Structures are given as C-alpha cells and as structure tokens.
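Count along the sequence shown from 1, then add 22; that gives the number in our numbering. Each residue gets a CB set at the ideal place from its N, CA and C atoms; glycine is no exception. This structure is a prediction, so every number in the text was calculated from the model and none was measured. Let me begin by presenting the structure, written as structure tokens, before commenting on it.
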Amino acid sequence: MNYAVIADAYERIEATTKRLEMTDLLVELLKKTPKEVIDKVVYLTQGKLYPDFVGLEIGVAERLAIKALARAAGRKESEIEEDLKKSGDIGETAQNFISKKRQVTFFQKPLTVQRVYETLDKMAKTTGSGAVDTKMALLAGLLSDATPKEAKYIMRTVTGNLRLGIADMTVLDALAIAYGGGKDARELTERAYNISSDLGRVAKVLAEQGLEGIKQFQVVVFEP
Numbered sequence: 023m024n025y026a027v028i029a030d031a032y033e034r035i036e037a038t039t040k041r042l043e044m045t046d047l048l049v050e051l052l053k054k055t056p057k058e059v060i061d062k063v064v065y066l067t068q069g070k071l072y073p074d075f076v077g078l079e080i081g082v083a084e085r086l087a088i089k090a091l092a093r094a095a096g097r098k099e100s101e102i103e104e105d106l107k108k109s110g111d112i113g114e115t116a117q118n119f120i121s122k123k124r125q126v127t128f129f130q131k132p133l134t135v136q137r138v139y140e141t142l143d144k145m146a147k148t149t150g151s152g153a154v155d156t157k158m159a160l161l162a163g164l165l166s167d168a169t170p171k172e173a174k175y176i177m178r179t180v181t182g183n184l185r186l187g188i189a190d191m192t193v194l195d196a197l198a199i200a201y202g203g204g205k206d207a208r209e210l211t212e213r214a215y216n217i218s219s220d221l222g223r224v225a226k227v228l229a230e231q232g233l234e235g236i237k238q239f240q241v242v243v244f245e246p
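Structure, rendered in structure tokens:
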C-alpha cells in the first residue's frame, strides 16, 4: 500500500471538523487498507507507532527535523527556519520545500506504508552515540522520496503534531463500520479496546478474524 493513499485521506480528514465526515473518510481509508498493514495504518493515524503502554516515541526534535529537511531538499537550514517562522507548521514548510525540489527531481521511489513505518520504527529505537545523525539520515531518506503532501504528514508525524483531530472513539466507530458490519459492532470494538488499550491490535484482529476474534479479547497481565 502506498503512503500516498494515507496522505490523501489525511488531507481530506483535516479539511473537515464534522465527526461523521471524519468517520466516513476513515471507513473509506480502512477499506482500502490491506490486512497486513491495518495495524500500522491505525497507529500512524493516531500519530504514533505503538500503543501508549509501550512507552516508546519517535522522538524527533524540531531542530533535527529542520536538518533532515534541509538535506533532503538541498536547501540551507536558515531558509527552512525562515519559512517555518511564517507558516508555524513544520509540515507545511516541508511541503513547500519538497514541492520546489520536485520540479527538478523525477526519480523518487514511491513510498509504501511499510517503508514509512519501518523507517520511523528504526528512528524510535535508535539510541546512544551517533543516534542524532542516524535519525537525521533516516528521515532525510524518507523525505527525499516523498511527494510534497507525503512530506507534510511525515514531518507532522515525527514531530508529534499530526493535527487530524481524530479521537480514538472515532477510529472505533470506523472500524466497526469497515470490518464489523456496521455501528452495531461498536460496543464490541470498544470493549476490545478497553481491555487491550491497543487500537492497532483491535484493528488487526477485527480485519483478520472478524467480530469473533475481538470477542476473545482477555485482560493480559502487565498489558497495558
């Protein structure tokens, strides 16, 4: 699944403040999502990589994000900083500079959800000596292959400010409709989430096993 599908959905979701419209757009996205990556798409839509109880975040500071964007776009950090002062949004700034870059670059590999997730996962787990440089190189690599719109949401994700306004309950509604047969399944999806505190897991089991799968959810010691 190409990350562009997610970025397109995010753009449409961001454009509305109506919960029902958000839910419909999420349902549309979830139905397009292969079961193999449904958990990853749900986590990314939450602006994270894992459930909260894992206690691991991407952890990219704005300074590092600016450096990575400068490298990917072939621009000076000072230019990035100046644009960011005007926009107030690292995502919009990334979109601006990658857009200018793509006027002369036509050979990027399409980004897949798998690649984006795995790269962000590596960034989150990179620690110790040289971690900052490694994270910057990983992020710059993603941005180099990103479309302007993809760059916008990647940068917002890594800096912890996705800005979609989607509540967990909205995701549960969308999952019930997309994979549970309708809103009547909402009670079951919410129960599974209350037990697991893991929306990605709920989505994965529901997509692969249906309602019978999430009915089997049990409290697991130490999770969350």
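Note on Q68: 16 or more other CB atoms within 10 angstroms of its CB, so buried under the neighbour-count rule.
Inter-residue distance for E50 and K123 is about 31 Å (C-alpha atoms, whole angstroms). Taking C-beta atoms under 8 Å as the contact rule, N24 and L186 fail to qualify, at a distance of about 19 Å. Taking 8 Å as the cut-off, the Cβ atoms of G81 and A159 do not count as close.
Runs of the alpha helix (DSSP H) spanning 4 or more residues and lying entirely within the stretch 117–205 occur at 135–147, 153–167, 170–180 and 190–201, in chain order. Within a 10 Å sphere around the beta-carbon of G77 sit fewer than 16 other beta-carbons, which makes this residue exposed. Taking each of E172, L71 and D195 in turn and checking the Cα distance to T115, the smallest one comes out for E172. A direct Cα-Cα distance of roughly 14 Å separates A200 from E212.
For P56, the CB contacts under 8 Å within the same chain, skipping 5 residues up- and downstream, are M23 in chain order. The way I'd put it, the stretch 24–44 does touch the stretch 173–193; three or more beta-carbon pairs between them come closer than 8 Å. Boundaries of the alpha helix (DSSP H) harbouring E103: E99 to S109, taken from the DSSP string. Partner residues in the beta bridge of N24, as assigned by DSSP, are T134. Per DSSP, the continuous alpha helix (DSSP H) segment holding T211 begins and ends at R208 to S218.
Excluding five sequence positions before and after T156, the CB atoms of its chain that fall closer than 6 Å to its own CB belong to T148, given in chain order.
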